[in-house]
Amino acid sequence: MTLLRSILMLSSDGITGPAIPTPDAQEFKTYTFEYSLFPHQKGWKEADSFKPANEFNNELISFQIPAAKGKGTFPSQFSFVEIKPENLILVTLKKSEEGDEVILRFFETKGEETQAEIKVFRRIKRAIITNLLEEDEYKLEPEGDILRMKVKPFEIITLRLRLQRTS
158 MTLLRSILML
168 SSDGITGPAI
178 PTPDAQEFKT
188 YTFEYSLFPH
198 QKGWKEADSF
208 KPANEFNNEL
218 ISFQIPAAKG
228 KGTFPSQFSF
238 VEIKPENLIL
248 VTLKKSEEGD
258 EVILRFFETK
268 GEETQAEIKV
278 FRRIKRAIIT
288 NLLEEDEYKL
298 EPEGDILRMK
308 VKPFEIITLR
318 LRLQRTS
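Number 324 marks the last residue of the sequence shown (our numbering); no jumps.
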């Protein structure tokens, strides 16, 4: 298994082009790599091998914020966003680059056309599919706090959501 390849020349004289020295591409350092083997008896789709790979590569980092003084309470369980079915993986949840909206990005992992259901913690006032640069492409029709849409195999979806503000 090749984990890191460092070269002295980008190409050599001949059919591949002129010899281009790349002395800074020589990585004479010590590197540490972590990898995991996930044995399974079925194919990668049936074994849901994407899940343990995603968990291994994207460690969840959580922290508790001290409660502010106020009269509100939180339930024992609360979710900001829920995406179904399980072959859709949330990869981004952030404030939009421009404006005061929420950007939500997810993708399909099994190569199957899927009917997505996205549920958020407030009523959705506006939902727009954008490109990766957050430029609007087309509008979707939310149903309260739920958004349903078709997702193509391995498709990456970026949504811009305007949520109902609290009173």
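Glycine included, every Cβ here is placed at the ideal spot set by N, Cα and C.
Are the beta-carbon atoms of residue i and residue j separated by less than 7 Å?
i, j, result
"K276", "I303", "yes"
"L261", "L217", "no"
"I177", "S163", "no"
"E294", "E254", "no"
"Q183", "L160", "no"
"R305", "K282", "no"
"G268", "P310", "yes"
"F213", "S193", "yes"
"R280", "Q234", "no"
"F278", "F237", "yes"
Starting from residue i and walking both ways along the alpha helix (DSSP H), at which residues does that stretch end?
i, result
"K208", "F207 to N214"
Quick one: using the 10 Å Cβ neighbour count with 16 as the cut-off for buried, is residue i buried or exposed?
i, result
"P299", "buried"
"N288", "exposed"
"F263", "buried"
"L245", "buried"
"E203", "exposed"
"A284", "buried"
Completely contained beta strand (DSSP E) runs for the segment 237-314, where each covers 3 or more residues: 238-241, 245-252, 259-265, 271-277, 281-287, 293-297 and 303-308
Does the segment 239-246 come close enough to the segment 265-276 to have 3 or more Cβ pairs within less than 8 Å? yes
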